[in-house]
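*Asks:* When we follow my numbering, the leftmost residue of the sequence shown carries the number 68, and every step to the right adds one. Quick one: the structure is below, questions incoming.
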Amino acid sequence: MTDEIREDNQAPEVKKSEAESLTGIKGRLVKPSEVRPGATIRVHQKITETNPKGEEKERIQVYEGIVLGLRGEGVSRTMTVRKISGGIGVEKIFPLALPSIVALELLKVARVRRAKLGHLRTSKKRLRERAVNA
């Protein structure tokens with residue numbers, strides 16, 4: 068995968084070999100421009116770890132959660148994804164043009180009427196689902 072950013076401000080496309088190596092794909096792979104607030108997504112991110120001996124090991128880490136909002140434009144566009152881990156809410160901010168993001172997988176799309184879903188931090192309500200073309 069190349070580390071360059073294209074002029075249309077999209078993250079690089081997933082190569083066939085990387086897409087085939089992803090295991091457990093349940094939803095459909097989408098472009099960063101198709102991500103909307105209220106969507107439940109999986110972010111596949113390439114992580115490089117170094118052990119005490121100095122050897123580097125690459126793996127793909129999957130982060131699954133609800134998109135709370137998008138901000139910025141162009142290369143600096145980011146999305147905030149929230150998940151519940153061990154009963155505690157965890158939020159992570161992903162730049163959409165991040166070269167280490169291998170794939171974005173869309174699982175569910177909810178019908179929301181807000182651009183920023185900060186109220187989900189305190190609410191116990193479930194979001195109403197909308198049909199997804201899987």
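Glycine residues also receive a C-beta, built at the ideal position from the N, C-alpha and C atoms. If you're wondering where the values come from, they're calculated on a predicted model, not measured in any experiment.
1. Is E125 helix, strand or coil by DSSP?
2. Can you give the Cα-Cα distance for S100 and E172, rounded to whole angstroms?
3. Quick one: residues in its chain with C-beta nearer than 7 angstroms to the C-beta of K83, no 5 flanking neighbours on either side, listed in chain order?
4. Give a single yes or no on whether S143 has its beta carbon closer than 6 angstroms to a heavy atom of the ligand SAM.
5. Exposed or buried, which one is I168 when buried takes at least 16 other CB atoms within 10 Å?
6. Among residues of its own chain, excluding the 5 on either side of L194, which ones have a beta-carbon nearer than 7 angstroms to its beta-carbon?
7. Who are the Cβ neighbours of L163 in its own chain at under 7 angstroms, not counting the five residues just before and after it?
8. Taking 7 angstroms as the cut-off, decide whether the C-beta atoms of R103 and I114 are in contact.
9. Return the residue from the list G185, R149, R197 that minimises the CA-CA distance to Y130.
10. Put P162 into one of helix, strand or coil per three-state DSSP.
11. What did DSSP end up calling S152 once you bin it into helix, strand or coil?
12. What are the start and end residues of the beta strand (DSSP E) that includes A170?
*Replies:* Put simply:
1. Per DSSP, reduced to three states, the secondary structure at E125 is strand.
2. Their backbone Cα atoms lie some 13 angstroms apart in a straight line.
3. Its pLDDT being 49, under 50, K83 is placed unreliably by the model, and nothing is read from it.
4. Looking at this structure, you won't find the ligand SAM or any other ligand, since it has none at all.
5. The residue in question, I168, is buried, as its Cβ has 16 or more Cβ neighbours within 10 Å.
6. Answer for L194: G105, A177, V179, listed in chain order.
7. Short of 7 angstroms from the beta carbon of L163, and not among the five residues preceding or following it, lie these beta carbons of its own chain, in chain order: A78, P99, R144, T145, M146.
8. Taking 7 angstroms as the Cβ cut-off, R103 and I114 do not qualify as a contacting pair.
9. Residue R149 holds the alpha-carbon nearest to the alpha-carbon of Y130 among G185, R149, R197.
10. In the three-state reduction of the DSSP assignment, P162 falls in the strand class, which pools E and B.
11. Strand, per DSSP.
12. 168–177 is the extent of the beta strand (DSSP E) around A170.
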